Structures are given as structure tokens and as C-alpha cells.
Amino acid sequence: MHCFEDMGYFCVDNLPASLLPVFTELCLRHRGILKIAVVIDIRERQFLDEFPPIFTDLKRAIRNVTLLFLEASDDTLRRRFSETRRPHPLAPDGRVEAGIQEERRVLAPLRAMADRILDTSRFNVHDLKTYIQESLLGTRREDTLFVSVVSFGFKHGIPAESDLVFDVRFLPNPFFVEALRPRNGLDPEVARHVKEHPGYAGFHRRIEDLLLYLIPEYVREGKTYLTIAVGCTGGRHRSVTLAEEIAATLRGRGYPIRITHRDLDKE
Numbered sequence: 038m039h040c041f042e043d044m045g046y047f048c049v050d051n052l053p054a055s056l057l058p059v060f061t062e063l064c065l066r067h068r069g070i071l072k073i074a075v076v077i078d079i080r081e082r083q084f085l086d087e088f089p090p091i092f093t094d095l096k097r098a099i100r101n102v103t104l105l106f107l108e109a110s111d112d113t114l115r116r117r118f119s120e121t122r123r124p125h126p127l128a129p130d131g132r133v134e135a136g137i138q139e140e141r142r143v144l145a146p147l148r149a150m151a152d153r154i155l156d157t158s159r160f161n162v163h164d165l166k167t168y169i170q171e172s173l174l175g176t177r178r179e180d181t182l183f184v185s186v187v188s189f190g191f192k193h194g195i196p197a198e199s200d201l202v203f204d205v206r207f208l209p210n211p212f213f214v215e216a217l218r219p220r221n222g223l224d225p226e227v228a229r230h231v232k233e234h235p236g237y238a239g240f241h242r243r244i245e246d247l248l249l250y251l252i253p254e255y256v257r258e259g260k261t262y263l264t265i266a267v268g269c270t271g272g273r274h275r276s277v278t279l280a281e282e283i284a285a286t287l288r289g290r291g292y293p294i295r296i297t298h299r300d301l302d303k304e
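What follows is the structure, given as C-alpha cells:
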């Protein structure tokens, strides 16, 4: 909701579905209110049955109306409830899993009506805000795909959210150069050492060619989020250098980019 507020929307949270036509009519009468965002969720369970016909009538009356449905995986939802320590509104006995399944059942009709369905499992709050801003306000087709580039160390495990994984452990490891060991791939000396290897330039070029071919295909198929993971042994040197290069290339092509060096501070 804060994201839409930042984009200049007039926002209302937890509005009963039955009041949506009245609220919309009031906004239309006020010429200064041009953009509206309304949140209706499971807290309004008693009004959810009223929503489908109301929304159908609303779309007939107003041309530019979009229903955005946010969802997440069961594992993600369980983790979020655990972190916030809040009970699920549909789980009075405290069983979050049962509440999640009941919520999916109750919201299924709304999901079927949605113009856009967004899986937020891979987003933190900042990524979600960036994605919504880029995808809803952007005019270029590339802006419908949010790209996350992650460097990591294989010894710490491959990021579970990875779509594409590139292994750079064939490159010489700066860890074994005493002067470079305490530094990381963001350091110009470390980056220079990694890039000087004869195989680096060709590998980098082939990855970029692959991504610049794949990403438009993903966009064409409706993919909205892509995670590119680059791994070395510890996640502090080689993977960081290449991840920075990949992010710079894609950012230069106009894609919304978030780069994370997951294991940069690990031993």
C-alpha cells in the first residue's frame, strides 16, 4: 500500500467490497483524484462473496480498472507468519498451515478474476516496491521483468530462488593470493586479477549473449521475475566480480536490476 501511495495513488485499506461502488463514485466526482488503489483481503471474508459481481460491474463502468492478486508459496507464507509472530486470521486454533490452505480456497474466485497475478515469494518489501513501480509505471516492455543478480559461495549452498546458475570456480581463486585474500570482488585489484584469466572474457561474453537472448523470450512468455545466481567457492571474490559485470550490462539495457552479494561477509 505504501508503494502505491508513493506513486501518487489515493489509497484505502480494508474496504468492505459492498462499499466499493460508493467509494468509486465519490472519487470520480472529485476531479483531483485520478489514481485509486484499494486493498481487499481475507479480513473482509464476510464481504468476499459480494466482490465478483461488484468488480464485474465496475469494470464495465470504468475502462481502466485492474485487479492485482498477490500470492506467495506455502513455505514463504509460513516463514512470514513466523517472523511477524502474528496469527493467521483463518486459523483460530493457531495452525498456520490450515489457515493458508483455507485462505487459498476462499480467495480462489478472486484469483480467477485477476488481471495480473504476482507471486511475491522472491520479493522482500523493497524488491516488491521496485517491481510494482517499474512494471506499472514503465513504458518499455523490458520493465515487466525484474532481474535479481546474486553472487554466492557453493560451500554455503545454492540460493533456493535461482532460475539460472553460473559456476565460475574454473577461474583462479584470489583467496590463494595473500594480498587479495582479505579483499573481495568489489575491490578493483581483485576484479582485475579475476578478469586477467584468459578464460574470463570468453565466458563473460557467452553468458551475456545467452542472457540477452533468453530475457526477451522470458518476457514474451509472461515471466515477471528472474534470479541469476553466480557462484564460486566462498562467494567473496570471483562470483562477485562477474555478478557486478552482468548487472551492469543488463542495467545498461534498461532492465530493473537488484544485485545482492549473499556471502560477501562470510568466511
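Note that our numbering has the sequence shown beginning at 38, numbered continuously upward.
A virtual CB, placed ideally from N, CA and C, is assigned to each residue, including glycine.
Everything numeric in this text was worked out from a predicted model, so none of it was measured.
As for any alpha helix (DSSP H) of minimum length 4 sitting wholly inside the segment 256-291, the runs are 275-289, ordered along the chain. Nearest Cα to Ile91 within the set Ala54, Leu105, Arg123: Ala54. Fully enclosed alpha helix (DSSP H) runs of no fewer than 4 residues occupy 111-121, 133-150 of the segment 107-164, in order along the chain. By the 16-neighbour rule on beta-carbons within 10 angstroms, His298 is buried. When only Cα atoms are considered, Asp156 and Thr270 end up about 31 Å apart. Lys72 sits away from Phe106, with the two beta carbons spaced by 8 Å or more. Per DSSP, Phe213 is not a residue of any beta strand (DSSP E), being assigned neither H nor E. Note on geometry: alpha-carbon atoms of Ala128 and Leu147 lie some 20 Å from one another.
Going by DSSP, Asp43 is part of the alpha helix (DSSP H) stretching over 39-43. In this structure, Leu287 is the residue among Asp302, Leu287, Glu254 with its C-alpha nearest to the C-alpha of Arg295. Leu95 places its beta carbon 8 Å or farther from that of Pro124. With respect to the C-alpha of Arg117, the residue from Val143, Phe88, Arg159 having the closest C-alpha is Arg159. The Cβ-Cβ distance between His234 and Leu217 does not fall below 8 Å.
The three-state reading of DSSP puts Ala74 in strand, counting E and B together. Here DSSP, grouped into helix, strand and coil, assigns Ile296 to strand.
Assigned with DSSP and collapsed to three states, Val205 falls in coil, not helix or strand. Rounded to whole angstroms, Leu249 and Arg242 show a C-alpha spacing of 11 Å. Taking 8 Å as the cut-off, the beta carbon of Ala109 is found no closer than this to the beta carbon of Ile195. The DSSP-derived three-state label of Gly194 is coil. Put simply, the backbone Cα of Tyr168 is about 10 Å away from that of Val162.
In this structure, Ser188 lies near Ser276, with their beta-carbon atoms less than 8 Å apart. Nearest in C-alpha terms to Arg115, of all of Glu226, Ile77, Ile137, Ala149, is Ile137.
For Asp300, same chain residues with a beta-carbon under 7 Å away, outside a window of 5 residues either side, are Phe189, Gly190, His193, Gly271, Gly272, Arg273 in chain order. Our two residues, Gly131 and Arg100, have alpha carbons roughly 42 Å apart in a direct line.
The criterion of a C-beta distance shorter than 8 Å is satisfied by Val227 and Asn221.
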